[in-house]
Amino acid sequence: MKEKRKDNSCLYWFVFRGAYSGYFGAAAGVLHLLCINYLSDDDFYTINAMKDIIGNLVALIVFILGAQVNWPMVILMAIGLFIGGYIGQYSIRFLSLKIVSWITLGFSIILASWLFYTAY
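For what it's worth, the working numbering labels the leading residue of the sequence shown as 18, then goes sequentially.
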């Protein structure tokens, strides 16, 4: 395994990534993965889990402290999150990383197409 660089230059990347994902939002998860991968020696699955935990905790804190929360919608989204999280972590054990990448690409194209269609 190659040695990861552990220096302060990644802090600048965190600031850029935070500003970019806060303004645009597109590909924020990929940027998070790149940054955590830069800092960590762990495998992809662990890095992806860290990305989800860090991102969701930060979003939770920001929305609870600074925004009005639609709690009935939160409950519905939490149910979907737990169902999707369970199915995702169960299926990742049996699927190769290449298949998961293609499935993710397919759903990303479908979602981007739908958002483009509804916006224009």
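Note that the Cβ used here is the ideal one computed from N, Cα and C, for glycine as well.
Exercise. Just curious, the alpha helix (DSSP H) that Leu128 is in, first and last residue?
Worked result: Leu114 to Ala136
Problem set entry | Buried versus exposed, by CB contacts within 10 Å (16 or more), Asn73 | exposed
Problem set entry | CB contact flag (Cys52, Trp30, <8 Å) | yes
Exercise. Which whole-angstrom value describes the C-beta separation of Lys68 and Gly46, a residue pair presumed to lie in contact below a C-beta threshold of 8 Å?
Worked result: 7 Å
For this session: Using the Cα positions of Tyr103 and Phe133, report the straight-line distance between them to the nearest angstrom.
Result: 29 Å
For this session: Quick one: grab the DSSP three-state call for Ser108.
Result: helix
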